[in-house]
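Working notes for the structure below.
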Amino acid sequence: MKITKYFALLCAAASLSIAGCELVDDNTNGTGNENIDDENNGGENNGGENNGENNGENNGENNGNENNGDSEATIVLGADKTTIELGETIIFTVTEGDNDVTADCTIYDKEMATVEPNAEGDYTFTPETTGTFSFLATLGNKVSNRLYISVLASVPVLPEDTDEANTKFNHRVLVVDHTGINCPNCPLMTDNLLAFHKTEWADNISEITCHAGGYAAGDPANSPAANIVNQFYSPSGYPHLDINFYSADVGNYQTAYFVNVMSETVSSLVKKDGADAGIAIATTGDSDKVYATVAVKAAVEQEYKITAWLLENNIYSKNQAGASKPEHYIYNHALRFIPGKYDRNNIQGESFGVIKAGQTISTGFELDITSTKWISENLEVIVIVSAQDKSKRWEVVNTLTCPVNQSVNFEYLK
């Protein structure tokens, strides 16, 4: 059965020649700004230990409350479409088991205003602006799931899932390279990652470069989003490589040793029998925005969060410290934009409630191109799906990247 929802780290050297640099300034972002303002972050960047240790603990609004006990709701609010283009109309339905109980229910928007039936008795919604809209229904003392409707100016069409019963997905861990234009040892990390991409584990990572922190002054790949992600991880020096949100980090060793350590680390983290969830993505974009439609299919029943980040490739800088090869002057997978509310303690995105094994949910993201210096054809979207680990932290369970104006289907194990 398919259920759809929408939403819209003085240099140090050791015996193994570890290369890195001290953190110059953990509070600045390399551009003279300390933080993204509240409008972009959804709140102040106060409180919480390094790496947001409280991320997964009692996240209230984003967890159970927003989903209203979604996994146990006895009435289910649905719609004929849950991602629509501006101007389209959707029709709501409420079911209890096999029974249509729409006529007996009250449907509310996020402001708790009621949705009134039209002349034909249908409960409809025609948005006047783009964005993500949420609704719920009540029947007496029964409360439904919260339904998210994503309204985009352009809705990319997902590729057809030709193996709907399959829940064996390729597992890609998240690799975050903390770097900067003024970091003399960062080109070695570039060499290391390029070498790793020649190993058997290349198809088990999704890579992000986060140009922020004390070595990013004047960095053309810096962005407000990168500044916040840098604060979330709080690297102790640069370059610094983090795996997932909390799983591991790998030092900037000499290349041969780095490849060995990185391979062992990825091997230990990848679920060989399949990731907890699979991802499919379709994107479209222009000079102002990138639109992404995302489907997530669960192999493991649990609550999931989903976020989509905008990245840019082929960013050139002639001023990279320590550069000695052409590839050292080109920045790829640079973090540019994160939609919705986020801050230094919470970058995992919105909860979509419990997804049962075999079920698929879908959502839409609108990602702003906020600088005329970003080249739209070089953009890509990475989708990060997370779930709570044994310590109740929201940890990455799978990732997938899609270039703009393309689509990628679920990556099933071969």
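All the letters of the sequence shown, read from the start, carry residue numbers -16 to 397 under this note's numbering. We put the CB at the ideal spot given by N, CA and C, even for glycine.
query: Please state whether the Cβ-Cβ distance between Ala265 and Pro139 is less than 8 Å.; result: yes
query: Select from Ile90, Tyr221, Arg327 and Gly347 the residue whose C-alpha is nearest the C-alpha of Ile211.; result: Arg327
query: Can the beta-carbon of Asn420 be found closer than 8 Å to that of Asn168?; result: This structure cannot settle anything about residue 420, because the visible part of the chain is limited to -16 through 397.
query: On the criterion of 16 or more Cβ atoms from any shown chain inside 10 Å, does Ser345 qualify as buried, or is it exposed?; result: buried
query: Only counting runs of 4 or more residues, tell me where the alpha helix (DSSP H) segments fall wholly within the segment 171 to 216, in order along the chain.; result: 207 to 216
query: Got a sec? Which residues, its chain only, sit under 7 Å from Val391 by beta carbon, not counting five neighbours each side?; result: Ala263, Ile264, Leu383 and Cys385
query: Going by the beta-carbon positions, is the gap between Tyr274 and Glu360 smaller than 8 Å?; result: no
query: Where do the ends of the alpha helix (DSSP H) carrying Ser250 lie?; result: Thr238 to Leu252
query: Cα separation between Asp269 and Leu176?; result: 30 Å
query: When the distance is taken between beta carbons, is Asn381 closer than 8 Å to Ala260?; result: yes
query: When DSSP labels each residue in this structure, what does Lys397 get in the three-state scheme?; result: coil
query: In the structure shown, what three-state DSSP assignment does Asp225 receive?; result: strand
query: Have a look at Ala258, Ile226, Thr267 and Asp256 and flag the residue whose alpha-carbon is nearest the alpha-carbon of Glu247.; result: Ile226
query: State yes or no: is the C-beta of Ala62 within less than 8 Å of the C-beta of Leu130?; result: yes
query: Could you tell me how far apart the beta carbons of Val249 and Val366 are, in whole angstroms, since I believe they sit closer than 8 Å?; result: Their Cβ separation, rounded to whole angstroms, is 19 Å, which puts Val249 and Val366 out of contact at 8 Å.
query: Whole angstroms are fine: how far does the CA of Thr355 sit from the CA of Ser230?; result: 36 Å
query: How many Å lie between Met172 and Ile358 at the Cα?; result: 25 Å
query: What are the boundary residues of the beta strand (DSSP E) that includes Ile74?; result: Ile73 to Glu79
query: Rounded to the nearest angstrom, what separates Thr115 and Thr162 at their Cα positions?; result: 33 Å
query: Asp53: buried (16+ other C-beta within 10 angstroms of its C-beta) or exposed?; result: Only weak support exists for where Asp53 lies, its pLDDT of 45 falling under 50; the value from the coordinates is given anyway. Asp53 should be labelled buried.
query: Does the contact criterion of 3 or more C-beta pairs under 8 Å hold for the segment 139 to 156 versus the segment 69 to 78?; result: no
query: Would you kindly work out how many angstroms separate the C-alpha atoms of Glu22 and Thr182, rounded to a whole number?; result: With a pLDDT of 37 at Glu22, under the threshold of 50, the modelled position of that residue is not reliable, and no figure is offered here.
query: What residue range does the beta strand (DSSP E) around Glu378 cover?; result: Trp377 to Pro386
query: So what does DSSP say about Asn392, is it helix, strand or coil?; result: coil
query: Skipping 5 residues on each side, what residues in its chain have a beta carbon closer than 8 Å to that of Asn149?; result: Phe393 and Tyr395
query: Using only CA atoms, which one of Ala291, Cys88 and Asp202 lies nearest to Ala304?; result: Asp202
query: Can you tell me which of the three DSSP states Thr85 falls into?; result: helix
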